[in-house]
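Novice:
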Amino acid sequence: MSLTKQQITKFKKRLLAMRDELDAISSISKDSRKPVELDQTSVGRLSRMDALQGQAMQLETERRRDIERQRIQAALERIETGDYGFCTICDEDIALKRLENDPSAPNCIDCQRHA
Numbered sequence: 001m002s003l004t005k006q007q008i009t010k011f012k013k014r015l016l017a018m019r020d021e022l023d024a025i026s027s028i029s030k031d032s033r034k035p036v037e038l039d040q041t042s043v044g045r046l047s048r049m050d051a052l053q054g055q056a057m058q059l060e061t062e063r064r065r066d067i068e069r070q071r072i073q074a075a076l077e078r079i080e081t082g083d084y085g086f087c088t089i090c091d092e093d094i095a096l097k098r099l100e101n102d103p104s105a106p107n108c109i110d111c112q113r114h115a
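For the sequence shown, my numbering assigns the number 1 to the initial residue and increments by one for each residue that follows.
Have a look at this one:
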């Protein structure tokens, strides 16, 4: 079962919207990833520890957003090359329900289980 042009267009729009949303969130949270000021005269030790922990959590969240951006970009590239909707491992069709759930999914469910 190959995807129709209409379905591919729908998935492309959704992938672009997902990428735009990730970019917007990254932009909003940019300040929370900046280095924490360690001036002991202006902030207490516990406040600095909280700030460092918050920064570390934001950095990890941004790292995960970057991974998701890479998955989205790879899916958009597969759309352009005509490979979208096919498993990158076994080259079989990816189930429509799987793509509806995650349009950036690169593999069919069987290959993903074994990966």
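Think of the CB as a built atom: it goes at the ideal place given N, C-alpha and C, for glycine as much as any other residue.
Kindly indicate the opening and closing residues of the alpha helix (DSSP H) around residue 95.
Specialist: DSSP places residue 95 outside any alpha helix (DSSP H), giving it a letter other than H or E.
Novice: Taking the alpha carbon of residue 101 as the reference point, which residue from 10, 23, 2 and 73 has its own alpha carbon closest?
Specialist: 10
Novice: Express the C-alpha separation of residue 107 and residue 98 in angstroms, rounding to a whole number.
Specialist: 9 Å
Novice: I'd like to know whether the C-beta atoms of residue 72 and residue 19 end up nearer to each other than 7 Å.
Specialist: Yes; because the gap between Cβ atoms is below 7 Å, this pair is in contact.
Novice: Could you spell out where the alpha helix (DSSP H) holding residue 22 opens and where it closes?
Specialist: 5-28
Novice: Assuming residue 65 and residue 26 make a contact with CB atoms under 8 Å, what is their CB distance in whole Å?
Specialist: Contact holds; Cβ gap of about 6 Å.
Novice: Among the residues of its own chain, which have a CB less than 7 Å from the CB of residue 116, if the five just before and after it don't count?
Specialist: The requested residue 116 is not part of the displayed model; the chain covers only 1 to 115.
Novice: Could you give the distance in angstroms between the alpha-carbon of residue 118 and the alpha-carbon of residue 47?
Specialist: Only positions 1 to 115 of the chain appear in the structure, and residue 118 is not among them; the question remains open.
Novice: Could you check if residue 104 is buried or exposed, using at least 16 other CB atoms within 10 Å of its CB as the buried criterion?
Specialist: buried
Novice: For residue 92, which residues in the same chain have their Cβ closer than 6 Å to its Cβ, ignoring the five residues on either side in sequence?
Specialist: 108
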